[in-house]
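Q: These protein sequences, in sequence, are chains A and B.
Per this note's numbering, the very first residue in the first sequence carries number 19; after that it's consecutive.
Per this note's numbering, the very first residue in the second sequence carries number 19; after that it's consecutive.
What follows is a single structure, and I will ask about it in a moment.
Number of protein chains: 2
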Amino acid sequence: MRVLGIIVEYNPFHYGHLYHLKEAAKLVSPDYVVAVMSGNFVQRGEPAVIDKFARTEIALKSGVDVVIELPLIYSIQDAGGFALGAIGILERLTAVTDIVFGSESSRADMLEKIADITVNHSDELQEKIRKGMKKGLSFPNARKVALKNLVKESKLSLEPSVIDIIENSNDILGLEYIRALKFYNSKIKFSCIQRVGAKYTDENFKGKFSSASAIRKRLEVSDYSVLDFLPDESRKIIQREFDEGRGPVFYEDMSLLILGIMRSMEREDFSKFYGFVEGLDKRFFEFSRQASSIRELLEYVKAKRFTFTKLRRLTLYPIFKISDWLIRESNTFGPQYARVLGFTQKGREFLALIKKKSLIPIISTPSLYEKVLSKALSSKEKPDFLKAELYVEQFKRDIMATNIYSLLYKNPEYRKGERDMKLQIIKMI
Amino acid sequence: MRVLGIIVEYNPFHYGHLYHLKEAAKLVSPDYVVAVMSGNFVQRGEPAVIDKFARTEIALKSGVDVVIELPLIYSIQDAGGFALGAIGILERLTAVTDIVFGSESSRADMLEKIADITVNHSDELQEKIRKGMKKGLSFPNARKVALKNLVKESKLSLEPSVIDIIENSNDILGLEYIRALKFYNSKIKFSCIQRVGAKYTDENFKGKFSSASAIRKRLEVSDYSVLDFLPDESRKIIQREFDEGRGPVFYEDMSLLILGIMRSMEREDFSKFYGFVEGLDKRFFEFSRQASSIRELLEYVKAKRFTFTKLRRLTLYPIFKISDWLIRESNTFGPQYARVLGFTQKGREFLALIKKKSLIPIISTPSLYEKVLSKALSSKEKPDFLKAELYVEQFKRDIMATNIYSLLYKNPEYRKGERDMKLQIIKMI
């Protein structure tokens, strides 16, 4: 049995995603396709443009058999944390045999070598990165420079120039996926598919080959004609969501909430949350008072050594009460559950097959999350990674994320909360 | 020298307020008129319809010589706390000789007798109130019933029927002002003026005799023609504020902030803030998830024993981090400073006269609040009530209130914070 695992956000689902799915299927010929997908908040530190339920529907109509939610605590972390969560779920289901990810370089071999270096020369690398950041480099840049120097100095069997391939965001993610596979001592095989069309970060609209960023940018100025350049199923469902007033949802819609919370915080309150270090507590404290919008806030706080994406993620941490403890525990013990958002007929078969094998408790009915935990804890084969408090804290944040996200719908009717508890699991059968 | 003290909200300033000012002046013939005015949030638990700076201007153009801000911690408390703050400031300035308040009954003598009963029979009364509330009565109703029974049982020289006069909100406030005067052992004389026109709570529009509620209700449905029924100075300034996009501001504008904060709170988090007792923590926790707006939230939480006003105030406490400690200390030691929002030429004279006599430190330049504190603390006549931490905590909340209020302006340009620090004191000279 071959099971393909993919890690996605589908924000929104476009032809590039469809291409990836098809090519990955060609490569692996899987019996089942399992996707781990960011929930209502994505790695760019933003709410997804349509909610996780609609994005699940699209995925299931496009070739995915089971959609599992990447817990919030991982979906709004940097590439390393994001990968640790996503790979953790795929690994702990125990049945996934292959992972295929998109890549600009399409050099899985090189990415693996680099991953090995980062693991085997961890201390040296950390030291070099720290120095680079002290000079004002952002973490991604500092790491690139550090890796290059490491390769150069240590006469490893790599040309320093190959490090250039981790310039691009998909390659960076790919590198982190490989590192995460090593973290879990996983036997899952991985390969990559060259991305076609626009770069992830290319915000120019290019028809069917536009990046998700470019599409969102159009939606942000209410140009809904871009939907015509999305695969049919994606377009139809997104259109329905918009018609019902459940989107598009944008980061800017959170302005009052983010600025309001920050303006009611004293400087020392910021340090209760993860990541407000290196003067970021002071910067956010002061600039949240000065800025007239969150866009302005980010511009004021921005410095060479922080990427916008990182800063945007930080603005969510006080809302979701993301503490150092929660990040540290989550990145030590990995994801604590697999919450199923939806499945096809084949997906149902797959879930039945893994039900007893999965190391990670599977949540199909969110309101029963405590029962699922009790059962897992009392099981003879209770896995070492499972920590009751961590499980609860991770899961509560997914519920919280949906409750906050609902407030951003244009149609007030849908702003009622607890959608996770009220909506049925999505079945395409 | 006679100095008239009044306690106001001017939300917004209407003919009833003008009438009160003129009648009070006839009664007292004051050399100076000092108003203690709620800042950006008022006793109904709402943002004021226009900001405190504009309302100060109107007051100064209408016969008030000095406007002092009632600290947030008092302006969003129940009638008792509100009175304790306002009377505390007037008393501690040391120069106020007379207080005149509006009243439905206009029976200052009766109000004083009732106040005496509440002070002299405090324990008995508390016990009766507690019982009434256990039966499901709201605090105001439970107190009324308790007072009636107390009068009946104890054969005091009062007819139980006179207690009926504390049915109305101005009489209730009046009663609390008198109780507060007794709390401070004040020598200030008080009297009351019968209210003309609509009742405070009458929401029907009655032209020049409309209540502030009725006017706000019209503004809420964008009927700005009501401004024609306001005194000239009030109308002009309010019109200017609206034209510049600084109002009208409504409670509903806070929906995302209030629901967002509550949805990110666990049930136990509510008890960190004042007043979430008697199951209100549970009710707010649960209903904040279910409601689609704050209006709906209040309807869901509402029960016979809680007034809407009380519930609305509660929704502000998590934003402004109003703790039991802060309420208790504030109501024990009283207001810690008098922050001057504006003055006329005469007001300037008055401030010069009291500068050395005032028991309470006077803040004219908000950015210098720490210096004002240091000076007061090192003074030979440092008053017993002055507590450094309390002073800072009270003042920070006034600044916070303005920073939150600014986010509610329609024109994004004015959403920049720290208006307290940036705007000059308002001088009508």
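In this text, a Cβ means the ideal position worked out from N, Cα and C, and glycines have one as well.
I want to see whether chain A comes within less than 8 Å of S385/B, judged by CB atoms only; does it?
A: Against the second sequence, residue 385/B aligns to sequence position 367. False, the Cβ-Cβ gap to chain A never drops below 8 Å.
Q: Less than 8 Å between CB atoms is the rule here; does S282/A satisfy it with respect to chain B?
A: Along the first sequence, read from residue 1 onward, the residue named residue 282/A stands at position 264. True, the Cβ-Cβ gap to chain B drops below 8 Å.
Q: Out of curiosity, what's the CA-to-CA distance linking I25/A and L111/A?
A: Your numbering for residue 25/A matches position 7 in the first sequence. Your numbering for residue 111/A matches position 93 in the first sequence. Between I25/A and L111/A, the C-alpha separation is close to 14 Å.
Q: Are L129/B and T136/B touching if we call contact CB-CB under 8 Å?
A: In the second sequence, residue 129/B corresponds to position 111, counting from 1. In the second sequence, residue 136/B corresponds to position 118, counting from 1. No, the pair does not count as a contact, with Cβ atoms beyond the cut-off.
Q: Nearest to T74/A by CA position, among I372/A, I91/A, T362/A and L90/A, is which residue?
A: The sequence position of residue 74/A within the first sequence is 56, counting from 1. Nearest C-alpha to T74/A: T362/A.
Q: Using 8 Å as the threshold, is the stretch 72–91 of chain A in touch with the stretch 138–155 of chain A, meaning 3 or more CB pairs across them?
A: The answer is no - the stretch 138–155 of chain A does not touch the stretch 72–91 of chain A, with fewer than three Cβ pairs under 8 Å.
Q: Closest to E399/B by C-alpha separation, out of G106/B, K374/B and I276/B, would be which residue?
A: Looking up residue 399/B in the second sequence gives position 381. The shortest Cα separation from E399/B among G106/B, K374/B and I276/B belongs to K374/B.
Q: Return helix, strand or coil for T112/B, following the three-state DSSP convention.
A: For the purposes of this step, residue 112/B is taken as the residue at position 94 of the second sequence. T112/B: coil per DSSP, three-state reduction.
Q: What residues of chain A sit near L277/B, judged by a beta carbon separation below 7 Å?
A: Mapped onto the second sequence, residue 277/B falls at position 259. Result: L425.
Q: Mind checking if N421/B is an interface residue toward chain A, Cβ cutoff 8 Å exclusive?
A: The sequence position of residue 421/B within the second sequence is 403, counting from 1. Yes, because at least one Cβ of chain A sits closer than 8 Å to the Cβ of N421/B.
Q: Below 9 Å between beta carbons is the criterion; list the residues of the stretch 325–348 of chain A that meet it against any residue of chain B, in chain order.
A: The stretch 325–348 of chain A vs chain B, Cβ under 9 Å: P336, I337, F338 and K339.
Q: Is DSSP giving I211/A helix, strand or coil here?
A: Within the first sequence, the letter at position 193 stands for residue 211/A. I211/A falls in the strand class under three-state DSSP.
Q: Spatial neighbours of E109/A within its chain, please: C-beta separation below 6 Å, excluding the five flanking residues on both sides.
A: As a first step, residue 109/A must be located in the first sequence, where it is residue number 91. Within the same chain, E109/A has close Cβ partners Y202 and S204.
Q: 8 Å is my cut-off, CB to CB: does L274/B come that close to chain A?
A: Against the second sequence, residue 274/B aligns to sequence position 256. Yes - at least one Cβ of chain A is within 8 Å of the one on L274/B.
Q: May I ask you to list, following chain order, the residues of the stretch 89–103 of chain A that have a beta carbon less than 8 Å from some beta carbon of chain B?
A: Listed in sequence order: no entries.
Q: Kindly indicate which three-state DSSP category I135/A falls into: helix, strand or coil?
A: Residue 135/A sits at position 117 when you count from the first residue of the first sequence. Three-state result, I135/A: helix.
Q: What residues of chain B sit near A42/A, judged by a beta carbon separation below 7 Å?
A: For the purposes of this step, residue 42/A is taken as the residue at position 24 of the first sequence. Here the premise fails: no neighbours, minimum Cβ distance about 37 Å.
Q: Under a CB-based cut-off of 8 Å, is A66/A close to chain B?
A: Taking the first residue of the first sequence as 1, we reach residue 66/A at position 48. Not an interface residue.
Q: Alpha carbon to alpha carbon, what distance is there between I447/B and L277/B?
A: The count along the second sequence starts at 1 and reaches residue 277/B at position 259. The count along the second sequence starts at 1 and reaches residue 447/B at position 429. When rounded, the distance between both Cα atoms is 44 Å.
Q: Ends of the alpha helix (DSSP H) at A394/B?
A: Translated into the one-based positions of the second sequence, residue 394/B becomes position 376. Looking at the DSSP string, the run of the alpha helix (DSSP H) that includes A394/B is Y387 to S396.
Q: Strictly by DSSP, which residues pair up with S56/B?
A: Sequence index remark: in the second sequence, residue 56/B carries index 38 (1-based). Per DSSP, L88/B.
Q: What did DSSP end up calling K322/B once you bin it into helix, strand or coil?
A: Here residue 322/B is taken as the residue at index 304 of the second sequence, counted from 1. Three-state DSSP puts K322/B in coil, outside helix and strand.
Q: Expressed to the nearest angstrom, what Euclidean distance is found between the alpha-carbon atoms of R330/A and E347/A?
A: On the first sequence, residue 330/A is found 312 positions in, with the first residue counted as 1. On the first sequence, residue 347/A is found 329 positions in, with the first residue counted as 1. Rounded to whole angstroms, R330/A to E347/A spans 22 Å at the Cα level.
Q: Where does V46/B fall in DSSP's three states?
A: One-based indexing of the second sequence puts residue 46/B at position 28. Helix at V46/B.
Q: Taking 8 Å as the threshold, find out whether the stretch 326–342 of chain B comes into contact with the stretch 385–396 of chain B through three or more Cβ pairs.
A: Taking 8 Å as the limit for Cβ pairs, the verdict is that the stretch 385–396 of chain B does not touch the stretch 326–342 of chain B.
Q: Can you list, in chain order, the residues of its chain with a C-beta nearer than 8 Å to that of G63/B? Leave out the 5 residues immediately preceding and following it.
A: In the second sequence, residue 63/B corresponds to position 45, counting from 1. Closer than 8 Å at the Cβ level, and outside the excluded window around G63/B, lie I94, Y269, T327, K328, L329, R330, R331, L332, T333 and L334.
Q: Tell me the residue span of the beta strand (DSSP E) that contains V358/A.
A: The residue labelled residue 358/A in the question sits at position 340 within the first sequence. Taken as a continuous stretch (DSSP letters only), the beta strand (DSSP E) holding V358/A covers A356 to T362.
Q: Relative to the alpha-carbon of H38/A, which residue among Q61/A, G120/A, P30/A and K79/A has its alpha-carbon at the smallest distance?
A: As a first step, residue 38/A is located in the first sequence; it is residue number 20 there, counting from the start. When only C-alpha atoms are compared, the closest one is G120/A.
Q: Less than 8 Å separating the beta-carbons of L193/A and I117/A?
A: Mapped onto the first sequence, residue 193/A falls at position 175. Mapped onto the first sequence, residue 117/A falls at position 99. No, Cβ-Cβ distance for L193/A and I117/A is not below 8 Å.
Q: Cα separation between A53/B and L155/A?
A: Start at 1 with the first residue of the second sequence, and residue 53/B comes out as number 35. Start at 1 with the first residue of the first sequence, and residue 155/A comes out as number 137. Taking the straight line joining both Cα atoms gives about 55 Å.
Q: Going along the chain, which residues of the stretch 307–318 of chain B sit with their C-beta nearer than 8 Å to a C-beta in chain A?
A: For the stretch 307–318 of chain B, which is checked against every Cβ of chain A, the residues closer than 8 Å are R307, Q308, A309, S310 and S311.
Q: Can you pull the chain A residues whose beta carbon is under 9 Å from the beta carbon of G435/B, in chain order?
A: As a first step, residue 435/B is located in the second sequence; it is residue number 417 there, counting from the start. What G435/B touches in chain A: L277, R281, S306, R307, Q308, A309 and S310.
Q: So what's L78/A in DSSP terms, helix, strand or just coil?
A: To locate residue 78/A, count along the first sequence from 1; it is residue 60. It is helical.
Q: Can you give me the C-alpha to C-alpha distance between M272/A and I279/A, rounded to a whole angstrom?
A: One-based indexing of the first sequence puts residue 272/A at position 254. One-based indexing of the first sequence puts residue 279/A at position 261. So the two alpha carbons sit approximately 11 Å from each other.
Q: The alpha helix (DSSP H) with K152/B in it runs from where to where?
A: As a position in the second sequence, residue 152/B is number 134, starting the count at 1. Start and end: S140 to K152.
Q: At least one CB of chain A closer than 8 Å to the CB of E431/B: is that the case?
A: Against the second sequence, residue 431/B aligns to sequence position 413. Yes, E431/B lies at the interface with chain A (some Cβ there is under 8 Å from its Cβ).
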